[in-house]
Each structure stands twice: as structure tokens, then as C-alpha cells.
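Numbering (our numbering), first residue to last: 117 to 634.
Structure representation (C-alpha cells):
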């Protein structure tokens with residue numbers, strides 16, 4: 117597994133060459149930001165792996181792990197509601213306001229008023245929800261009931277960070293948010309865990325410090341922008357005419373629905389598991405879920421790049437470029453996803469041995485979540501194709517249908533199959549949602565990315581899988597290293613030998629050229 121993760125980093129970074137050839141000028145800005153963001157993400161993955169895969173299960177109870185996950189889930193959900201869709205206004209309309217000398221024409225004053233309004237609405241809602249949150253968790257999740265008030269500062273700081281991160285990106289700095297979220301936050305949590313392990317923090321102090329570490333990125337990004345003199349809250353309402361005001365309201369309404377839907381999709385599983393099964397089951401699910409999500413890490417950078425290229429191609433009505441990106445993103449992401457999923461699943465017994473007996477119930481969570489993201493990556497940039505086309509409003513209905521289907525399936529599957537049922541619900545929902553997006557892009561734009569090469573990838577995966585099981589069972593570390601090495605070598609050799617991907621062929625040729633030169 118560890119060998120597989122290392123190899124994909126090298127392969128994936130070289131996929132950038134393909135996008136560079138597509139649009140050299142645009143990538144001059146994007147590639148630098150993406151590579152920097154990817155570096156911090158990969159470093160964060162290393163820190164997060166140590167924390168989540170080893171320290172959490174070995175030094176924290178499942179209840180504390182579940183508490184951490186639940187605090188994040190509820191605070192992110194509340195923050196998404198409190199934003200009132202202004203993140204979408206920032207992304208779509210801030211370029212019209214951008215002018216540092218004029219204080220960005222009062223944009224931050226409007227943002228401040230919207231955020232304060234949203235947070236006040238949250239506080240009112242929280243006053244009504246708090247008794248239910250406490251009473252419904254007293255029996256199965258008493259720890260969450262005890263710390264429920266942490267949701268107030270966590271929600272506020274999550275709201276601040278979400279807006280300021282989006283604002284910073286519009287100032288052409290997409291790296292800071294990734295640095296704070298993917299690396300700094302994880303390092304802080306690692307340090308706190310070490311203090312706890314060495315007895316310098318009590319469980320209560322650890323929980324409070326964890327909340328502080330999660331919220332600190334909002335404080336940091338605020339002072340960063342203040343130091344850069346980008347924060348100007350002077351009102352300039354005369355800048356906004358009726359047309360712009362109407363457009364801001366329309367975009368905000370659209371964004372609040374899509375934003376809340378997106379947050380629900382990625383947080384509702386932990387909330388429902390906690391309500392049905394309790395905090396301990398939520399903790400087990402959280403750790404297992406993490407291993408499944410290792411599959412999707414590389415797609416985040418690629419989709420950010422492809423999204424910008426697709427948007428630019430739509431402006432020029434360059435459907436050929438869009439179709440090319442769509443096809444190659446699907447194929448390359450499927451190759452990578454199958455590679456990572458295989459690297460994880462061939463080592464599943466070793467992973468469970470590392471996690472310990474408390475987490476044995478997470479085996480099929482890892483399988484289903486990994487499979488869900490293989491499906492998601494195999495359909496590539498379909499979401500970006502819809503989002504940046506004239507049919508972008510369809511994304512709202514896709515998100516809403518995703519939420520409805522996921523909640524229904526979870527309410528059916530979790531009581532029947534526990535945390536494995538939650539993961540199976542996510543897999544089925546991802547399958548249905550991506551099928552809908554595939555059909556929509558095919559009907560509206562006449563594009564479909566799949567060829568016989570996808571079946572070849574499945575064959576390569578099966579042969580590599582079989583080869584890995586020719587290895588007899590060894591001790592833990594030797595078994596992980598040898599089994600992963602065999603799987604990786606067979607998979608990468610067959611992928612190159614069968615000429616599945618032009619990008620991989622180009623990568624291998626560059627490696628051979630470098631070796632020859634040396």
C-alpha cells in the first residue's frame with residue numbers, strides 16, 4: 117500500500133505536462149499554484165496518515181475520534197447555512213469589484229454584513245436546536261452532548277475561513293488555503309496528540325485544544341489579509357447598480373442551495389450514524405472512511421486544473437478541447453484510482469491489524485468508500501463540464517437529487533447493516549449521480565469519454581490483483597512492502613506495455629531518457 121501511494125505521487129505530478137501542452141499561457145499561472153498546493157497536500161497526507169491511521173486508533177478511544185468527526189460535521193453544516201450563498205457571489209462576481217486602490221469597491225463590507233446576518237440566524241437556530249442535540253445524544257453520545265457548545269465558535273471560525281479562503285483565491289493565491297487546511301492544521305493536531313500521549317494534556321484539554329486547532333486557520337488567514345492590506349470594510353453601496361444587485365441575489369440563492377447540498381452530502385453520514393448507532397460507531401467509521409478517501413486525493417488537483425481549462429474552452433466555444441480533457445481526465449483518473457484502490461485492498465488485513473480489534477468493523481467501509489471514489493474518478497471532469505457550460509443550473513438539481521437519494525439510502529441501510537450500510541449507500545449514490553451526469557453530458561453536448569481502454573484497465577487491475585496474492589502471508593511490514601511492490605510493478609508494467617494512456621507512455625519515455633542521460 118505504501119509503495120503504491122509513493123508511486124502515484126510521481127506519476128501524478130507528471131500528468132501536468134499534458135495540461136501544459138493544452139494551454140501554455142493559462143497554465144503559467146495555474147500550474148505554479150497547483151503544484152504548490154499539491155506539495156502541501158501531499159505533505160499533509162503524510163502527516164494525516166500518521167495521525168489518522170496510527171495515533172487515533174492506538175491512543176484515542178473511538179468515542180473521542182467520533183466526537184472530533186461530529187464537531188466538524190455539524191460546524192461545517194452550520195457554516196454552510198450561515199454563508200447564505202456568498203461564497204458563490206465571491207467566486208462569480210468579485211472580479212467586477214476587484215480594485216485594491218478603491219478597497220475592492222466595498223465588497224468586503226457587503227460580505228461582512230451577509231456573514232453577520234447568517235451567523236445571527238445560526239445562533240437563533242442553535243438556541244432552538246441545542247436542547248434536541250443534547251437530549252438525543254445523552255444515551256449513545258454523551259461526550260458530544262457535553263461539548264455541544266463548541267459548535268458556536270467552530271461554526272463562526274469555519275464561516276470566516278470559508279469566505280476569506282475564497283476571497284484569497286480571487287486574489288490569485290490558491291495556495292494559502294491548502295497550506296492551512298492540508299498541512300498546518302494537521303501538524304497542529306499531530307503535536308496536540310503527542311502532548312496527550314506523553315501525558316501533558318488531559319482528555320478534556322485535548323478536545324478543547326483540538327477545537328482551537330481546527331478554528332485557528334480562520335484567525336490566521338484574517339491576519340494574513342490584514343497584514344497584506346487587503347481588508348477594507350468601508351461601505352461603497354453606490355457602486356452596486358440594480359442589475360448587479362439582482363445578479364448577486366440570484367447567484368447567492370443558487371449558491372446557498374448548492375453549497376448546503378454539497379455539505380450535507382459529505383457530512384450527513386457521520387450525523388446519521390451517530391444518531392442511530394452512537395459516537396463509538398462514528399469513530400470507527402471515521403477512521404475507516406479515511407482509508408477509502410486515499411483513492412481520491414490525486415483527483416483534487418487535476419480537477420482544479422481541468423476546471424479552469426474547461427471554463428476557458430467554453431468561452432472560446434472550443435468543444436474539441438473540452439472533449440479531449442473530459443476523455444483524458446476519465447481515463448487517467450481511472451488508472452490512478454484503480455491503482456490506489458488495489459494497493460489499499462490487497463493490504464486490508466494488514467491495515468486492520470495496524471488499527472486494532474476495535475476497528476475490525478470498518479473493513480467494508482474501506483471497500484465501499486474506495487469503490488465509490490473509483491467510480492467518481494472514472495467519470496472524470498463531468499461535473500466541471502456541466503458547471504462551466506450554459507447548462508450550469510443543472511448542477512443544483514444534481515446536488516439536490518444526490519442529497520435526497522443519499523439520505524433515503526442511509527436511513528434504509530444503516531439500521532440494517534450499520535456503518536458498512538452507510539458506506540454502501542455512498543457508493544450507490546455516487547454511481548447513480550455520476551450516471552445521471554454522464555447521460556446529461558452525452559445528450560446535451562454529445563460527449564462521452566469511455567472506450568475499450570477502460571476494460572483494459574479492469575483487466576490490468578485483475579491480473580495485478582492476482583499476482584499480489586501469489587505472495588505467501590509474511591510478517592506485517594515485509595508483507596505490506598512485498599505485496600505492494602508486486603502489485604505495483606505488474607500494474608505499471610502492463611499499463612505501459614498495453615499503451616493504455618498516452619500520458620503514461622510520455623512519462624515513461626521521459627524517465628527512460630533521464631536514466632539514459634545519467
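Cβ coordinates follow ideal geometry from the N, Cα and C atoms, glycine included.
Closest by C-alpha distance to residue i, when choosing among the options
i: residue 328; options: 494, 371 and 266; result: 266
i: residue 535; options: 299, 590, 353 and 479; result: 479
i: residue 471; options: 516, 454, 425 and 403; result: 403
i: residue 413; options: 400, 485 and 621; result: 485
i: residue 377; options: 496, 573, 474 and 195; result: 195
i: residue 367; options: 304, 207 and 397; result: 207
i: residue 359; options: 434, 276, 209 and 490; result: 209
i: residue 198; options: 239, 544 and 226; result: 239
i: residue 336; options: 468, 277 and 618; result: 277
i: residue 304; options: 316, 622, 508 and 325; result: 325
i: residue 570; options: 614, 600 and 596; result: 614
i: residue 543; options: 507, 482 and 496; result: 482
i: residue 488; options: 408, 628 and 552; result: 408
i: residue 396; options: 260, 618 and 205; result: 260
i: residue 468; options: 418, 400 and 189; result: 400
i: residue 201; options: 230, 186 and 189; result: 230
i: residue 418; options: 435, 437, 433 and 442; result: 442
i: residue 182; options: 225, 256, 193 and 573; result: 256
i: residue 364; options: 296, 318 and 204; result: 204
i: residue 357; options: 425, 296, 476 and 212; result: 212
Cβ-based neighbour list, residue i, same chain, cut-off 6 Å, excluding 5 preceding and 5 following
i: residue 140; result: Residue placement at residue 140 cannot be trusted, given a pLDDT of 47 that sits under 50; what the coordinates show is reported in the next sentence. Nothing listed; no residue qualifies.
i: residue 526; result: 388, 538 and 541
Separation of residue j from residue i, as counted between CA atoms
i: residue 384; j: residue 625; result: 45 Å
i: residue 370; j: residue 361; result: 14 Å
i: residue 344; j: residue 156; result: 22 Å
i: residue 273; j: residue 222; result: 22 Å
i: residue 138; j: residue 598; result: With a pLDDT of only 45 at residue 138, under the threshold of 50, the placement of this residue in the model should not be trusted, and no figure is reported.
i: residue 142; j: residue 557; result: With a pLDDT of 45 at residue 142, under the threshold of 50, the modelled position of this residue cannot be trusted; read the value that follows with caution. About 25 Å.
i: residue 144; j: residue 262; result: Reliability of the predicted coordinates at residue 144 is poor, the pLDDT of 48 falling under 50, and no value is obtained from them.
i: residue 321; j: residue 554; result: 48 Å
i: residue 530; j: residue 519; result: 16 Å
i: residue 406; j: residue 169; result: 8 Å
i: residue 549; j: residue 560; result: 16 Å
i: residue 288; j: residue 465; result: 44 Å
i: residue 533; j: residue 352; result: 56 Å
i: residue 610; j: residue 382; result: 35 Å
i: residue 380; j: residue 166; result: 28 Å
i: residue 227; j: residue 339; result: 17 Å
i: residue 172; j: residue 264; result: 21 Å
i: residue 521; j: residue 250; result: 28 Å
i: residue 515; j: residue 496; result: 17 Å
i: residue 593; j: residue 164; result: 20 Å
i: residue 506; j: residue 631; result: 47 Å
i: residue 513; j: residue 398; result: 29 Å
i: residue 393; j: residue 307; result: 31 Å
i: residue 318; j: residue 491; result: 42 Å
i: residue 220; j: residue 275; result: 21 Å
i: residue 355; j: residue 547; result: 46 Å
i: residue 494; j: residue 454; result: 9 Å
i: residue 372; j: residue 193; result: 12 Å
Same chain, Cβ closer than 8 Å to residue i, neighbours up to 5 away in sequence not counted
i: residue 269; result: 327 and 331
i: residue 511; result: 374, 499, 502 and 503
i: residue 642; result: Residue 642 falls outside the range modelled here, since the chain spans only 117 to 634, and no answer is possible.
i: residue 612; result: 620, 621 and 624
i: residue 474; result: 173, 178 and 400
The ligand MG heavy atom lying under 7 Å from the CB of residue i
i: residue 388; result: Here there are no bound small molecules, and the ligand MG is not part of this structure.
Neighbourhood of residue i by C-beta, 7 Å cutoff - its chain only, sequence neighbours within 5 removed
i: residue 128; result: At residue 128, the pLDDT of 44 sits below 50, so the modelled position is not reliable; the number obtained from the coordinates is stated separately. 414 and 452, listed in sequence order.
i: residue 252; result: 391
i: residue 160; result: 298, 299 and 302
i: residue 640; result: Absent from the model: residue 640. The displayed extent of the chain is 117 to 634, so no value can be given.
Exercise for the section: Would you be able to state if there are at least three C-beta pairs under 8 Å between the stretch 177 to 196 and the stretch 424 to 437? Expected result: Verdict: no, contact absent.
Exercise for the section: Say whether the stretch 569 to 587 touches the stretch 451 to 465, bearing in mind that this needs 3 or more beta-carbon pairs closer than 8 Å, one atom from each stretch. Expected result: When Cβ pairs closer than 8 Å are counted between the two stretches, the stretch 569 to 587 is seen to touch the stretch 451 to 465, the count reaching three or more.
Practice task
Would you check if the stretch 227 to 235 and the stretch 289 to 299 touch, i.e. whether three or more CB-CB distances between them fall below 8 Å?
Solution key: No contact exists between the stretch 289 to 299 and the stretch 227 to 235.
Handout entry: Touch test, the stretch 583 to 593 against the stretch 602 to 614, Cβ-Cβ under 8 Å, three pairs minimum
Key = yes
Handout entry: the stretch 200 to 219 / the stretch 345 to 359 touching (three or more Cβ pairs under 8 Å)
Key = yes
Practice task
Say whether the stretch 306 to 316 touches the stretch 277 to 288, bearing in mind that this needs 3 or more beta-carbon pairs closer than 8 Å, one atom from each stretch.
Solution key: no
Handout entry: Cβ contact (3+ pairs, closer than 8 Å) linking the stretch 296 to 303 and the stretch 239 to 249
Key = No, because fewer than three Cβ pairs between the stretch 296 to 303 and the stretch 239 to 249 fall closer than 8 Å, the two stretches do not touch.
Practice task
Spell out a yes or no on whether the stretch 442 to 451 and the stretch 562 to 574 are touching, meaning 3 or more CB-CB pairs, one atom from each, closer than 8 Å.
Solution key: yes
Practice task
Entirely within the stretch 277 to 364 and at least 4 residues each: give me those alpha helix (DSSP H) ranges in chain order.
Solution key: 291 to 294, 301 to 313 and 319 to 343
Handout entry: alpha helix (DSSP H) runs wholly inside the stretch 374 to 438, at least 4 long, in chain order
Key = 395 to 409 and 413 to 431
Practice task
Identify every run of the alpha helix (DSSP H) within the stretch 240 to 270, keeping only runs that are complete inside it and at least 4 residues long; order them along the chain.
Solution key: 258 to 262
Handout entry: 3 or more residues per run - each beta strand (DSSP E) lying fully within the stretch 574 to 610
Key = none
Exercise for the section: List in chain order: all unbroken alpha helix (DSSP H) runs of 4+ residues lying wholly within the stretch 161 to 230. Expected result: 172 to 175, 178 to 198 and 202 to 213
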